[in-house]
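Note sheet for the following structure.
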Amino acid sequence: MDVLEDRRRLVAIAALLIASGIVVAVTGIGKPAPVPGGYSITIAPGISPTLTGPDVAAIARGYLDAQAPQAEGPPIPPVVLAEWATPARDAAKREPAVSSDAVAGQPDRVVWVVSVTGDVLNLTDLSWSRQSGADAAGNIVIDDASGTILGVYPHDPPGFGPSTSP
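Residue numbering for the sequence shown follows the numbering used here, beginning at 3 and increasing consecutively.
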C-alpha cells in the first residue's frame with residue numbers, strides 16, 4: 003500500500019469520525035462528558051491542568067497547520083483524536099518515544115499528550131524530540147504551564163503501516 007493510498011484512507015476515516023458526531027470525554031474520575039470537537043479528553047487522577055482541552059486542541063492544530071506547506075502530497079486536514087493530561091513521568095504510556103531523559107528534570111510537571119492525524123512533521127529539534135520524518139498521524143506533547151510544544155512524534159495511525167499493510 004502506498005503513502006497516497008494511506009493518506010486517502012486516513013482522510014476518509016477522519017471525515018467519518020467527524021461526521022458521526024461521536025463526542026465523548028473521559029474525566030480523571032472516568033465519567034463521560036460532552037466535548038465540542040468530537041475527541042476524548044482524559045485527565046489523570048490528581049492532575050489539575052491549567053489549559054483546557056479546547057486550548058490544547060488549538061495548539062496542536064496550529065502546529066499542524068503551520069507544518070502543512072512542508073508536507074508532500076495532498077494535505078491531510080488536522081484532526082485531534084484524543085488528549086491526555088498526565089504527569090510527565092507517565093507521558094511514555096501514551097507516546098513510547100518519550101525518553102526518560104526528557105522527563106527527568108521535571109517528572110511531576112503536567113503535560114498533554116495529543117493524538118492527531120494530519121501532516122505530522124517534526125522538521126526541527128524540540129526540547130523532547132529530535133528532527134524526524136513525517137507521517138499521517140502521531141502524538142504531540144504540550145507543556146500545560148506554558149502551552150509550549152515539547153515534542154512531536156510522527157507515526158502510522160492505528161491500522162496502517164508496514165505491520166498491517168498487505
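Note that CB positions come from ideal geometry on N, CA and C, so glycine has one too.
Quantities reported herein were computed from a predicted structural model and do not represent experimental measurements.
Distance between beta carbons of residue j and residue i, contact taken as under 8 Å
i, j, result
"L53", "G120", "The pair is not a contact, with the Cβ atoms about 20 Å apart (cut-off 8 Å)."
"D146", "V118", "Contact flag wrong, Cβ pair sits at about 17 Å."
"V122", "A94", "Not really, about 18 Å apart at Cβ, beyond 8 Å."
"A62", "A87", "Not quite, the Cβ-Cβ distance comes to about 13 Å (not below 8 Å), so this is no contact."
"I142", "V154", "5 Å"
Where residue i falls, given that 16 or more other Cβ within 10 Å makes a residue buried
i, result
"S129", "exposed"
"R132", "exposed"
"L152", "buried"
"G32", "At G32, the pLDDT of 38 sits below 50, so the modelled position is not reliable; the number obtained from the coordinates is stated separately. That one is exposed."
"G55", "buried"
Option in the options with minimal Cα separation from residue i
i, options, result
"V59", "A46, V116 and A70", "The sequence given here has Ala at residue 59, not Val. Minimum Cα distance to A59 is reached at V116."
"P76", "D137, A106, A104 and T44", "D137"
"G135", "V100, A84 and N124", "N124"
"A84", "S101, Q69, G40 and G64", "G40"
"P89", "D57, P109 and G55", "P109"
"I43", "E74, R96 and P80", "R96"
"T150", "A106, W114 and Q72", "W114"
Report the start-end ranges of each beta strand (DSSP E) in the region 46-115 that is 3 residues or longer and not cut off at the edges. Whole beta strand (DSSP E) segments, 3+ residues: 81-89.
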